[in-house]
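Since the structure comes first, as structure tokens, the remarks are kept for the end.
In the working numbering, the protein residues as written are 2 to 408.
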């Protein structure tokens with residue numbers, strides 16, 4: 002009876018490697034919400050990880066949690082494969098699945114091994130390009146890390162070429178994709194920017210001006226994220242006797258991979274920089290509330306910059322590099338917030354300039370940031386574009402439709 006009930010409503014599967022705190026999970030949750038609002042049954046599948054309550058993140062969704070802890074080892078990924086495929090098979094068996102929306106690379110790779118995956122529409126979102134990950138770790142002394150990066154790059158190319166629809170988050174991403182795989186007649190590429198809900202966010206800027214500048218950076222501290230550039234810029238600012246406190250939030254393994262702690266010590270930033278190895282949504286809210294400025298000094302492959310958008314939605318001005326999609330966001334607010342990438346001195350000068358702005362000018366930038374988020378990054382815009390991708394699967398057989406189109 003339950004199986005018959007499930008078959009009555011068409012379903013969309015969203016794949017994740019694991020239920021982790023981060024921007025990618027936030028994006029999948031947004032897609033799942035749209036699917037639900039369009040009348041589908043959203044089903045999210047992934048291994049257990051550090052997101053303790055997936056039900057709170059993925060509201061209105063069926064959650065399929067694979068009872069296998071996610072780690073970053075290659076052996077772990079291989080062992081997880083049959084468990085993932087078996088769990089996916091149960092979903093195909095019990096639900097009328099019409100579309101699968103791929104998230105992370107390994108979970109996409111697993112899903113492609115199931116024959117039912119090839120009978121439905123396949124959509125993938127390019128959250129990042131693995132070719133830039135390879136560039137990021139090329140100089141690393143960790144051989145295993147370099148091997149894994151190259152393997153992920155090859156898997157990503159495979160996943161792209163096995164998908165019917167590709168979603169990119171920025172014009173920058175679209176251009177990258179055309180360079181990497183060309184314009185295939187079997188691919189449909191759609192630009193769909195994320196949205197941010199800002200109704201519950203704080204009033205921009207503090208009511209009273211303070212002399213100490215609180216800087217925040219949240220994300221994976223990979224080499225391409227430019228954290229070394231930020232540390233060097235902070236070291237330069239320290240010499241100017243400007244009072245600053247910087248908080249850098251990242252999974253701890255990235256601090257180890259790229260020797261960031263050693264570099265931090267060599268620059269004598271003990272009193273200036275605080276490292277946090279992780280932060281859940283409530284902790285992030287506290288960090289945002291205490292921040293004056295968000296700095297995102299990426300040096301390669303920034304396909305969107307969801308962390309920057311979240312900061313702007315909180316009314317926190319963002320200084321970012323001219324890499325990737327960041328200028329597409331920051332250019333709408335103030336071009337002076339954009340600095341040359343991989344240039345610590347110019348980054349330091351931009352931070353100092355912001356520090357020296359009047360309270361009224363900081364407030365103007367803060368209000369402009371929130372206004373731009375409200376106008377440009379909305380749920381309705383995402384829903385309208387996704388409905389053209391998801392909506393085509395509501396009451397038709399996708400393969401029959403595709404064959405007619407090709408003929």
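Ideal placement from N, C-alpha and C gives every residue a C-beta, glycine not left out.
Bear in mind the structure is a predicted one, so any value in this text is a computation, not a measurement.
Environment of residue i [buried if 16+ CB atoms lie within 10 Å]
i, result
"residue 177", "buried"
"residue 293", "buried"
"residue 44", "buried"
"residue 282", "exposed"
"residue 361", "exposed"
"residue 107", "buried"
"residue 212", "exposed"
"residue 80", "exposed"
"residue 385", "exposed"
"residue 179", "exposed"
"residue 357", "exposed"
"residue 60", "exposed"
"residue 287", "exposed"
"residue 193", "buried"
"residue 224", "buried"
"residue 157", "buried"
Proximal residues to residue i (C-beta, below 7 Å), its chain only, five neighbours per side dropped
i, result
"residue 402", "Note that residue 402 has pLDDT 42, beneath the 50 cutoff, so the model's placement of it is unreliable and no number is given."
"residue 273", "235, 239, 245, 246, 247"
"residue 387", "32, 35, 193"
8 Å Cβ shell around residue i - same chain, five flanking residues per side excluded
i, result
"residue 125", "102, 103, 109, 160, 161, 164, 166, 167, 168"
"residue 329", "171, 172, 173"
"residue 337", "351, 354"
"residue 310", "195, 197, 330, 374, 378"
"residue 49", "19, 20, 66, 67, 68, 69, 70, 71"
Among the options, the one whose alpha carbon lies nearest that of residue i
i, options, result
"residue 216", "224, 384, 232", "232"
"residue 46", "15, 181, 341", "15"
"residue 18", "153, 120, 147", "153"
"residue 265", "236, 288, 284, 251", "236"
"residue 335", "155, 313, 391, 346", "313"
"residue 119", "129, 105, 100", "100"
Paired residues, beta bridge with residue i - DSSP
i, result
"residue 12", "42, 98"
"residue 322", "340"
"residue 70", "49"
"residue 123", "101"
"residue 218", "249"
"residue 163", "None; residue 163 has no bridge partner."
Other residues of its chain near residue i: CB distance less than 6 Å, five sequence neighbours each side excluded
i, result
"residue 189", "166"
"residue 114", "86"
"residue 307", "24, 195"
"residue 10", "42"
"residue 298", "227, 230, 231, 322, 348"
"residue 208", "Interpretation of residue 208 is limited by its pLDDT of 46, a score under 50 that renders its predicted location unreliable; the figure taken from the coordinates is listed afterwards. The answer is none, since no qualifying residue turns up."
| If we count Cβ pairs, one from each stretch, closer than 8 Å, do we get three or more for the segment 237-256 versus the segment 345-358? | Three or more pairs of CB atoms, one per stretch, sit closer than 8 Å, so the segment 237-256 contacts the segment 345-358.
| message | Would you call the segment 356-376 in contact with the segment 313-326, where contact means no fewer than 3 C-beta pairs closer than 8 Å? | response | Segments in contact, yes.
| field | Stretch pair the segment 300-307 + the segment 269-283: three plus CB contacts closer than 8 Å | value | Counting Cβ pairs under 8 Å, fewer than three are found: no touch.
| field | the segment 63-72 / the segment 25-34 touching (three or more Cβ pairs under 8 Å) | value | Touching, no.
| said: Would the segment 71-78 count as touching the segment 87-101 if we require 3 or more Cβ pairs under 8 Å? | reply: Output reads no: the segment 87-101 does not touch the segment 71-78.
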